[in-house]
Amino acid sequence: MIRLFTYIYMLFLYAPVALIVLFSFHSSPSLSFPFEGFSMRWYEQLLGSYDFMTALRNSAIVGGASAVLTTILGTFSALALMRMKGRFKSIFAFLNFAPIALPGLFLGIALVILFSLIGLPRSLLTVIIGHTLFTFPFFVESVRSRLEYFDLSYEEAARDLGASPLKAFWLVTLPIIGPTIAGAAILAIALSLDEFLITIFVTGSETTLPLLILSMIRRAVDPSINAASVFMLTLTIAIIAIAGLVMTMRRRRLELERAEPAE
Amino acid sequence: MNAVNQSKPVVVGAEASVPIKTVSIDKKALSGYLLATPPLLFLIIFFLVPSILLFVASFWTSKTFTMIPAATIANYARTLSASGFYDSLWISMQNGFWTATLSTVISAPVAYYIVYKTRSNAVLYLALVSWFSSYLVRVYAWRTILGTTGVINSTLQQFGIIDQPLEWLVFSKFSVIITLVHIMLPFTLLLLVSGLRDIKKDYLEASADLGGGGFTTLWKVIIPMAHKSIVSSFMFTFVLAASDYITPQLLGGRDAMTTGLLIANQFRSVGNWPLGAAMAYLLLAVFMLVYATLLGVLRAANLAPGKRYHD
Amino acid sequence: MKKESEMGYGSSGVDLLESITMKRRTFLLGAAASAAGLYIGSFAPGVMAADGHLEILGWEGETGDAELADWRKNRGITVRSSYASTQDDITARLAGTDPVQLDLTMYALGYETIYKEMDILTPIDTSRIPNYSPDSTIPLFYKGNRWYWDGKQWGIPLLWGMNTIVYNVKNVKKPKVYKDLLDPKLKGKLTFVDDGLSTWSIIAIIAGYGDKFPNLTRAEFDDAFEKLKPYRDQCRVFASSAGDAVSLLASGEVDAVFSLSAFAPTETAKRGVETALSVPEEGAALWCDALFIPKTAKDVPLALEFINKVLEPETQAKMATTMFSAVTNQKAIPLLPPALRETFDYNNLDSFFQKSKLYGQPPLSSDKYVTYAEWVDQWANFKGSF
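One line per chain: the protein sequences are S, G and E, in this order.
Going by our numbering, the letters in the first sequence line up with residues 1 to 263, in that order.
Going by our numbering, the letters in the second sequence line up with residues 264 to 574, in that order.
Going by our numbering, the letters in the third sequence line up with residues 575 to 960, in that order.
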């Protein structure tokens with residue numbers, strides 16, 4: 001029964017996505033039924049659009065850079081929270097969560113004021129900082145709940161056997177929390193690709209994908225936004241599939257090298 | 264560190280083992296603080312400092328996108344004396360509550376399935392991937408599904424189940440919440456899966472061996488042990504759904520005036536940043552109140568133990 | 575503070591200290607920024623061309639991307655256009671003490687009040703724009719007070735159009751006055767576009783204060799919103815943008831829009847729904863987008879050259895055709911397709927402008943009249959039925 005529920009759950013998640021894919025091939029500019037026929041025109045329009053390619057590139061840069069930054073900072077945070085205790089831990093934990101409890105626009109304006117003060121002109125770099133701030137709480141929270149009951153004695157055991165702290169982390173902790181970090185990093189990219197409330201304030205004249213979509217729907221909504229979404233989705237699936245494959249292969253190799261007990 | 268650890272197995276006596284343990288705890292805490300430094304610096308520079316600047320500015324006055332230093336509580340007073348603020352807050356809180364409750368409840372069985380029934384992460388990753396279909400595009404897709412001439416209405420009409428399109432399907436609280444739930448699900452799922460991963464199957468089996476039924480196991484073992492991820496899943500979703508104003512605007516019909524939109528008006532259109540900041544801080548206070556209430560309720564129901572289970 | 579403790583070394587000491595800290599700070603930031611810039615720049619094809627570069631932020635379709643491709647090539651310059659989805663997006667870029675570098679951007683009618691107060695506009699040297707002149711420009715758009723004050727030109731009108739009733743031809747009888755929108759048949763089928771400025775003037779018109787807008791007293795203002803309530807009761811949803819209103823019309827969610835730009839019928843027709851414009855007896859509201867050179871402009875001469883270029887009759891006609899809007903250069907009128915020419919009634923512009931006006935924005939601060947901020951608040955309350 002629980003399996004059936006999972007199927008329904010996935011159906012609910014993917015039904016709108018299926019509709020987005022379907023209408024991205026619509027021959028008419030309409031986004032509602034009746035469906036009039038298939039056409040590739042929206043994809044052709046996008047691929048021929050300099051604006052779209054630029055926005056896609058900008059979003060990829062920002063998504064990638066902010067995900068890397070978030071993953072590094074966030075992993076530090078999660079590992080720190082695991083080891084900390086008492087009052088300082090609660091304060092630090094709250095600070096990790098707080099950026100999300102303030103509206104995106106608030107963060108955008110707060111950052112603009114800060115950037116003005118330190119003389120940092122608005123560019124993709126400031127967008128990366130803004131997005132890292134936004135995705136950071138999500139990342140820490142997803143990794144943290146995994147680490148909440150993580151038994152530090154595993155790592156200590158590795159240390160007892162003479163492993164350096166870094167090696168102990170690499171060989172013991174990372175394989176256990178790896179999938180969670182990967183999941184959280186995917187999440188960070190997804191969040192970054194959708195963010196526009198902060199972006200509008202902290203960007204210079206660079207356009208990201210959601211900003212482009214917003215300007216596209218100002219005058220009329222048509223399937224080109226669906227095509228953009230499908231394009232993004234396909235690209236992501238490809239990247240994740242490749243990354244997954246590489247990780248699985250690496251894992252297999254590691255497993256062959258040392259008969260590691262299953263998690 | 265190595266020296267300490269190496270001496271660990273050599274237990275000389277009770278009085279000797281005590282200082283050793285203290286040293287190792289201090290080292291653990293110290294490494295915690297060291298690890299916390301880079302993210303802490305980042306948060307201080309890019310979050311704490313600017314937020315404090317805006318907090319100070321919330322006591323200032325403004326003239327069209329220019330903030331003028333002052334010391335006045337007028338912005339707070341004005342916000343709290345406007346009835347529209349409470350009305351919009353009520354709508355926001357409802358959006359937050361229903362979205363958070365539904366997302367968490369619906370995701371829980373799936374998280375259970377992922378952790379205990381199948382050992383693969385495929386379902387989780389598949390759920391996460393659905394997030395890559397742009398937020399705005401998904402909101403429009405929901406219109407196509409729920410609209411007066413949308414997928415559901417026309418299908419039901421075709422099969423003769425209804426004569427007239429169902430009015431409440433779109434531009435209603437229902438359409439806002441179903442869309443927000445759809446947007447939040449992958450995230451609540453990720454948090455719940457992370458939380459459940461730490462409850463080893465042995466505990467559930469032990470509970471069953473002791474005669475605990477499915478419900479008892481859920482109530483006495485799973486929820487108390489996973490309460491932190493349940494709370495964070497609920498709170499994150501609550502906060503995000505309650506401050507969202509795009510989905511309510513596009514799908515909420517006339518019930519769409521959320522506090523997020525009022526704040527956006529001040530930040531974007533009027534350019535009264537001090538007033539917008541004051542509203543944002545009031546909203547933050549409300550969120551903290553919700554968090555405290557949630558914890559209180561869970562504690563009262565004995566679902567949130569103060570102590571860790573296996574330390 | 576630290577500064578004071580350094581006073582003993584004389585003022586030069588302070589300067590030195592400041593300059594050192596400044597240098598280090600700037601250096602670090604500069605290093606980080608340039609590293610990132612180098613990386614990012616490696617993707618951008620020739621952002622810095624030899625003969626000049628313009629950074630333009632404007633409305634999609636109004637930045638001459640397609641129309642001026644040949645000119646850019648011949649002239650050997652590059653233009654980077656980015657698009658705004660609301661006027662607030664442009665404001666966001668220019669707000670703060672360190673605004674974004676832009677050579678050219680746009681303001682919709684009414685926003686000149688805000689931008690004037692924000693002090694982000696610069697005077698425009700019209701002698702460098704031969705296409706903006708008494709014999710080219712339609713008189714209403716030449717040196718009008720929305721773009722010209724204190725003896726200086728601050729904005730150059732580019733395109734204009736009107737916001738008026740758009741209705742579904744099949745389901746609704748042509749509304750002749752605004753009251754026709756209260757027809758019980760339109761219950762739940764009417765919508766407003768959530769675009770404050772363009773809708774507010776019509777709110778005033780309906781209540782009979784069209785001549786007074788944007789300066790309404792508190793009593794007139796309250797009365798206007800009171801009189802608007804029956805219209806709100808006809809609505810199930812408010813369209814978040816003009817594009818949103820088009821999709822609501824196209825999917826059959828609504829059959830009439832209170833005030834929508836004239837391009838809507840062509841867009842709904844593409845989606846298989848026939849709609850038409852109706853300018854009611856009370857009149858419609860005009861919109862007008864104007865180009866301006868913000869204070870952060872780097873290449874002002876090139877920006878002026880660009881303005882002159884987009885005002886050329888051929889460019890104007892092409893742009894107006896794709897945007898289904900009206901031109902400000904009358905020499906472009908003969909080049910327009912007939913349907914477009916009729917929509918804006920170029921032959922009887924005087925009477926057209928008599929009926930539909932260019933409205934400004936409520937005052938930013940005033941003791942006598944309701945201010946812009948109060949309009950924004952009330953509009954939000956109105957939408958939420960608070």
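By construction, the Cβ of each residue, glycine as well, lies at the ideal position given by its N, Cα and C atoms.
Rounded C-alpha distance that separates residue i from residue j
i	j	result
L603/E	S506/G	Annotation note: pLDDT 47 at L603/E (below 50); position unreliable, coordinate value reported separately. If I take the Cα positions, the gap works out to 33 Å.
R720/E	E916/E	26 Å
I174/S	F434/G	Inspection of the sequence shows that residue 174/S is occupied by Leu rather than by Ile. Spanning the two alpha carbons is a distance of roughly 46 Å.
K931/E	A858/E	7 Å
M247/S	P449/G	22 Å
A947/E	T522/G	16 Å
G204/S	L69/S	21 Å
V400/G	S659/E	15 Å
F927/E	G48/S	40 Å
S585/G	A404/G	Residue numbering for chain G in the displayed model covers 264 to 574; residue 585/G lies beyond these limits and cannot be assessed.
S815/E	D768/E	6 Å
S470/G	I177/S	27 Å
Beta carbon of residue i nearer than 9 Å to that of residue j
i	j	result
S852/E	K748/E	yes
G826/E	A220/S	no
S370/G	L467/G	no
T451/G	T556/G	no
I526/G	G515/G	no
F5/S	F25/S	no
R667/E	T652/E	no
L46/S	F169/S	no
V746/E	D829/E	yes
A80/S	G295/G	yes
P372/G	Y9/S	yes
V62/S	V112/S	no
L352/G	A954/E	no
A188/S	G104/S	no
Y943/E	N789/E	yes
F106/S	F328/G	no
Contact with chain S by residue i, beta-carbon distance below 9 Å
i	result
R599/E	Confidence at R599/E is low in this model, with a pLDDT of 43, below 50, so its placement is unreliable and the value that follows should be read with caution. Yes, contact with chain S.
Y657/E	yes
V811/E	no
V950/E	no
V674/E	yes
W861/E	no
Nearest residue (CA-CA) to residue i, options the options
i	options	result
V439/G	I526/G, P511/G, H445/G	P511/G
A640/E	Q928/E, K942/E, T889/E	T889/E
A15/S	F497/G, G516/G, I441/G, N358/G	I441/G
Q808/E	F799/E, F926/E, F766/E	F766/E
D863/E	F715/E, F880/E, T791/E	F715/E
V901/E	G635/E, I712/E, T773/E	I712/E
V560/G	Y508/G, P487/G, A543/G	P487/G
Interface flag, residue i vs chain G, CB-CB below 9 Å
i	result
D941/E	no
S215/S	no
E257/S	no
Y946/E	yes
V874/E	no
F52/S	no
E206/S	no
Residue-chain proximity (residue i, chain E), Cβ-Cβ < 9 Å
i	result
A220/S	yes
L513/G	yes
E44/S	no
E36/S	yes
M356/G	no
V68/S	no
Partners in chain B for residue i, counting only beta-carbon separations shorter than 7 Å
i	result
L31/S	Annotation note: the requested chain B is absent from the structure, which comprises protein chains S, G and E.
Within the segment 449-525 of chain G, note down every full alpha helix (DSSP H) run reaching 4 residues or more, in order along the chain. If only uninterrupted alpha helix (DSSP H) runs of at least 4 residues are considered, those enclosed by the segment 449-525 of chain G are 464-472, 486-506, 509-514.
In the segment 825-887 of chain E, which residue ranges form an unbroken alpha helix (DSSP H) of at least 4 residues, counting only runs that do not cross its ends? Given a length threshold of 4 residues, each whole run of the alpha helix (DSSP H) inside the segment 825-887 of chain E is given here in chain order: 838-844, 874-884.
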